[in-house]
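S.K.: Numbering (full-length UniProt numbering), first residue to last: 1 to 141.
Written as structure tokens, this is what we have:
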């Protein structure tokens, strides 16, 4: 039986990715691993170069791994030129319009606010590594 799904995202700079997700979407540092060390940090130390971090916002957890480290760990990524993927991280939110107004000042908008035929109101942006982030809430009927 499947229990949980994490998304491990290849990033150029783990510290910058932590800061983006903390500042823009309110994620919090859970743990991280500094480059060249076999230790786990439970406080974010911005002075250390990180190869991995786990961040959290509510029940949502994301893993951020430095591109060279992830390519070494997963041979299927060894020849990959892109950091971002063809997947969309799709978040359900409470106040889409307020979030969209704020994100428009901080991110590249991929698709502006729109209502869908399947009853959702959606908004899409790119993060600092090119990942597409979708935000949605049920559309008013």
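Where is the CB? At the ideal position from N, CA and C, for every residue including glycine.
Computed from a predicted structure; not experimentally measured.
Does at least one heavy atom of the ligand FAD sit under 7 Å from the Cβ of residue 62?
M.R.: Within the structure as shown, the ligand FAD is missing, as the structure has no ligands at all.
S.K.: Do residue 27 and residue 55 have their C-beta atoms within less than 8 Å of each other?
M.R.: Their beta carbons are under 8 Å apart, which means residue 27 touches residue 55 by this criterion.
S.K.: Residue 127: buried (16+ other C-beta within 10 angstroms of its C-beta) or exposed?
M.R.: Buried.
S.K.: When you compare only the Cα positions, how much space is there between residue 104 and residue 57?
M.R.: The straight-line gap from Cα to Cα measures roughly 20 Å.
S.K.: What are the boundary residues of the alpha helix (DSSP H) that residue 16 is part of?
M.R.: From DSSP, the alpha helix (DSSP H) with residue 16 extends over 14-25.
S.K.: Please report the distance separating the alpha-carbon of residue 116 from that of residue 133.
M.R.: So the alpha carbons of these two residues sit roughly 17 Å apart.
S.K.: At what residue ranges does the region 31-119 contain a whole run of the beta strand (DSSP E), taking only runs of 3 or more?
M.R.: Runs of the beta strand (DSSP E) inside the region 31-119: 50-57, 60-66, 88-92, 108-115.
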